[in-house]
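**Student:**
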Amino acid sequence: MTKLNGNKPLDRNYFRYKDNPKKKNEKQITECCDQDTEHDMLNANNKEDWLLIEDYIERNLREYPSTESITPIVCKECGRLKEYISKLKFNRKLPGD
Ligand SMILES: [Zn+2]
């Protein structure tokens with residue numbers, strides 16, 4: 161069977177491997193969340209990384225009183241940290257009120 165072009169989604173992996181044929185067998189982007197595996201991202205499944213995530217959030221909560229909570233958004237498949245979502249307090253009191 162000959163390989164036809166077309167009829168398939170062209171994603172980041174496609175272009176990555178296209179430009180780096182040598183690295184064809186290396187997985188460079190996670191399939192579950194499109195993260196670059198060369199990037200050393202924090203992973204919530206890793207105990208030490210989770211402590212760093214907690215530490216980051218704790219520091220931010222202390223530094224920014226208007227932040228009510230921070231949600232670390234991680235990939236449900238592999239646990240890689242994707243982003244932090246901050247929830248801001250409404251009706252916050254100004255110091256001295
Ligand atoms: Zn993932």
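Taking the numbering used here, I'd label the letters of the sequence shown as residues 161 to 257.
In this text, a Cβ means the ideal position worked out from N, Cα and C, and glycines have one as well.
(1) Can you find a heavy atom of ligand 1 that lies under 7 Å from the Cβ of Q195?
(2) Would you kindly report the start and end of the unbroken beta strand (DSSP E) that includes K247?
(3) I need the DSSP call for E237, collapsed to helix, strand or coil.
(4) Starting from the C-beta of T136, find all residues in its chain whose C-beta is less than 8 Å away, skip the five residues before and the five after it, and write them out in chain order.
(5) With K207 as the anchor, note down where its alpha helix (DSSP H) starts and where it stops.
(6) Report buried or exposed for L241, applying the criterion of at least 16 other Cβ atoms within 10 angstroms of its Cβ.
(7) In this structure, does DSSP put N173 in helix, strand or coil?
(8) For E243, which option in Y216, N206 and N165 has the closest C-alpha, if you only look at C-alpha atoms?
(9) For I245, does the count of other Cβ atoms within 10 angstroms reach 16, so buried, or fall short, so exposed?
(10) Among N220, N203 and E208, which one has its Cα closest to the Cα of E237?
**Tutor:** Taking the coordinates as given:
(1) For the purposes of this step, residue 195 is taken as the residue at position 35 of the sequence shown. Indeed, a heavy atom of ligand 1 lies less than 7 Å from the Cβ.
(2) Locating residue 247 in the sequence shown gives position 87, counting from the first residue. Here the beta strand (DSSP E) through K247 covers L241 to L248.
(3) Position 77 of the sequence shown, counted from the first residue, corresponds to residue 237. Correct three-state label for E237: coil.
(4) A query on residue 136 cannot be resolved here, the shown segment of the chain reaching from 161 to 257 and no further.
(5) As a position in the sequence shown, residue 207 is number 47, starting the count at 1. Unbroken alpha helix (DSSP H) run through K207: K207 to E223.
(6) Mapped onto the sequence shown, residue 241 falls at position 81. Buried, since its Cβ has 16 or more Cβ neighbours within 10 Å.
(7) Walking along the sequence shown from the start, residue 173 turns up at place 13. N173: helix per DSSP, three-state reduction.
(8) For the purposes of this step, residue 243 is taken as the residue at position 83 of the sequence shown. Minimum Cα distance to E243 is reached at Y216.
(9) As a first step, residue 245 must be located in the sequence shown, where it is residue number 85. It is exposed - the Cβ of I245 has fewer than 16 other Cβ atoms within 10 Å.
(10) Looking up residue 237 in the sequence shown gives position 77. Closest by alpha carbon: N203.
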